[in-house]
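Chains as they are written, first to last, in the numbering used here: chain A, 284 to 594; chain B, 284 to 594. Note that CB positions come from ideal geometry on N, CA and C, so glycine has one too. Quantities reported herein were computed from a predicted structural model and do not represent experimental measurements.
Quick look at the structure:
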């Protein structure tokens, strides 16, 4: 959004903000107890892998993907059976991708969310296998979701595997990101990396929620476009935070992108333009869901949260 | 089987052996063209990950799991829609597990099937991601399988994710195997490792074929027991080959188990008893499918192949 449009908006309602915060906390709590339900117990052998899975899943993540999924379901239906399983599967895939991304052979990160990364805590072998196990469990949870139509379960598996895989999905984005280090940072390469690397899974989060809510084709398409805009904004903000925040606030090493010569929005466009682009993407996302009225309230709030988050 | 029972068997029919070999080649060809269909093209960007996936999938594997899946379907039905997708998914999961198992942090193997392992050829980062991508694609293929009942697709995802995951599945077995190195090699630990590490996926291969063929509960249970026996025999033979074969014949480093102090059947029971145990497991497998008559012919031949393989 331009700063003009920003100022012409009604003043934020403090009651609404409190209400959103408490809704957010409530959803986090619901997601976390569902994750706890699906993850193997720590006492169950082989204990070390179950401890590693839980260590990374319960490391204080923001749960943006599962909560986007829940909010999308809410935007299309009052009941969406299977949506909590979809939410858990998304968070498991996200967590596995962080565990593998942090490995010495990839980004070689020692800290994540303020704690030692999985391989620092449990060793590389267990970290690799814990990531594998979370990816496997994500599909298991979807297959066992309580959707009335078994068709929906298969469709959720298809959505998640497309978004997480290659070509076009998260793994493709990670590869392009690795391959891109040190390459000329063109706008095309930048967008292609980030649409795949973070955008695909965030978009899948919105779509999977809508699918559980049985969304007809047109609203599903509008929500898909919303997801793409939010996904791109999310990555721009991520790149900005890496430049502008301290390691302490981020809970992971700040300033790494520049050191690794990653292709980022600030590197290609500079800071002010990157801020503007993030705002524009969020405006575009909000326009896509105008037609949903009050039901899309949480999706609106989530889009603004993505823009204004500080970690 | 005891050597007495072995000798009392009718002399092998040379025509049947030729026929089995040509059937086996035909099934391998079918599986490989289906794999080729589902794997991303090498030309598609990011090329390196698709090259790595294909390098490992088309490294000359024996295709035991997919062919067991096809044979199990044949034992229960003349038509089994979705069985080829199930077969491909099994081979993708098997290949991913080899890629990750060979990594420096795990078994640290430089050769597999006579060629450099995936990380030796493409680097560790790409090998980790290629494994991740194959695991993800396996579930994608199942979700898109041409089963008449969408229920079947979800059930196949459930079967595969249970067999590949933890607790009780392949990942649990790999962890127990890693943790077991140097531990006292008890029969209980040995069996627990191998039931999970190789047995679960081989049993899933048989079950998934039977599920595609719409097997009723009782035949499915008999085939499950067949799968468990074949799975255990497979691992005993694997352990024996590591001791008795040359690196050249195996296509991977021989004698590694002893060097790594792995808990193996020869280490626990000695060579002669391990040979006898493998034969007993195959006899038990054959007994489970007696009631299937001529339809289970390929399953019988596959069980004997597992026993007599040389790599």
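For this session: Over the uninterrupted alpha helix (DSSP H) stretch that includes residue 309/B, give me the two end residues.
Result: 297-321
Exercise. Would you say the beta carbon of residue 308/A comes nearer than 8 Å to a heavy atom of the ligand SAH?
Worked result: Among the components of this structure there are no ligands whatsoever, and the ligand SAH is therefore not found.
Exercise. According to the Cβ coordinates, are residue 367/B and residue 317/B closer than 9 Å?
Worked result: yes
For this session: Specify the secondary structure class of residue 341/B as computed by DSSP and reduced to three states.
Result: coil
Problem set entry | Beta bridge counterpart(s) of residue 394/A as assigned by DSSP | 399/A
Problem set entry | Residues of the stretch 452-476 of chain B whose Cβ lies closer than 7 Å to any Cβ of chain A, in chain order | 454, 455, 457, 458, 459, 461 and 462
For this session: Verify the CB distance criterion: does residue 440/B have a CB-CB separation below 9 Å to chain A?
Result: yes
For this session: Have a look at residue 511/A and residue 355/A and give me their C-alpha separation to the nearest angstrom.
Result: 13 Å
Problem set entry | Coarse secondary structure for residue 567/A, derived from DSSP in three states | helix
Exercise. Nearest chain A C-beta to residue 347/B closer than 9 Å, yes or no?
Worked result: no
Exercise. From residue 593/B to residue 424/B, what does the alpha carbon distance come to, in whole angstroms?
Worked result: 31 Å
Exercise. Can you list the residues of chain A that residue 326/B reaches, using a CB-CB cut of under 8 Å?
Worked result: Result: empty, since nearest Cβ-Cβ is about 11 Å, beyond 8 Å.
Exercise. Of all the CB atoms in chain A, is at least one closer than 9 Å to the CB of residue 415/B?
Worked result: yes
Exercise. Which ranges would you report for the alpha helix (DSSP H) in the stretch 470-541 of chain A if only whole runs of at least 4 residues count?
Worked result: 470-477, 483-495, 500-527 and 530-533
Exercise. With a CB to CB cut of under 8 Å and the five nearest residues on each side skipped, what residues in its chain are close to residue 465/A?
Worked result: 544
For this session: Would you verify that the beta carbon of residue 406/B is, or is not, closer than 9 Å to some beta carbon of chain D?
Result: Given the protein chain composition of this structure (A and B), no chain D is represented.
Exercise. Among residues of its own chain, excluding the 5 on either side of residue 363/A, which ones have a beta-carbon nearer than 6 Å to its beta-carbon?
Worked result: 356, 495 and 496
For this session: Report buried or exposed for residue 557/B, applying the criterion of at least 16 other Cβ atoms within 10 angstroms of its Cβ.
Result: buried
Exercise. Name the chain B residues that come within less than 7 Å of residue 422/A, Cβ to Cβ?
Worked result: 422, 440 and 444
For this session: Mark residue 469/A as exposed unless 16 or more other C-beta atoms lie within 10 angstroms of its C-beta, in which case mark it buried.
Result: exposed
Problem set entry | Exposure of residue 341/A, with buried meaning 16 or more beta-carbon neighbours within 10 Å | exposed
Problem set entry | Where residue 550/A sits in the DSSP three-state scheme | helix
Exercise. If you draw a straight line from the alpha carbon of residue 473/B to that of residue 548/B, how long is it in whole angstroms?
Worked result: 7 Å
Exercise. By the 10 Å Cβ neighbour count, where 16 or more other Cβ atoms means buried, how is residue 452/A classified, buried or exposed?
Worked result: buried
For this session: Would you mind reading off the limits of the alpha helix (DSSP H) that contains residue 382/B?
Result: 366-384
Exercise. Taking Cβ positions only, does residue 368/A come closer than 9 Å to chain B?
Worked result: no
Exercise. Any contact of the stretch 417-433 of chain B with the stretch 439-447 of chain A, i.e. 3+ C-beta pairs under 8 Å?
Worked result: yes
For this session: List the residues of chain A that residue 568/B touches, going by C-beta distances under 9 Å, in chain order.
Result: Chain A residues near residue 568/B: none, gap ~27 Å exceeds 9 Å.
For this session: Consult DSSP for residue 353/A and reduce its assignment to one of helix, strand or coil.
Result: helix
Problem set entry | Residue burial classification, residue 492/B (beta-carbon count within 10 angstroms, cutoff 16) | buried
Exercise. Helix or strand or just coil, what does DSSP make of residue 457/B?
Worked result: helix
For this session: For residue 317/A, go through chain B and note every residue whose CB falls closer than 7 Å to its CB, in chain order.
Result: Chain B residues near residue 317/A: none, gap ~17 Å exceeds 7 Å.
For this session: Between the Cα of residue 374/B and those of 328/B, 313/B and 408/B, spot the shortest distance and give me the residue it belongs to.
Result: 313/B
Exercise. Taking 9 Å as the CB-CB cut-off, is residue 565/A touching chain B?
Worked result: no
For this session: Under the assumption that residue 570/B contacts residue 358/B (Cβ atoms under 8 Å), give the Cβ distance between them as a whole number of angstroms.
Result: Not really, about 15 Å apart at Cβ, beyond 8 Å.
Exercise. Hey, is residue 383/B's beta-carbon within less than 9 Å of any beta-carbon in chain A?
Worked result: yes
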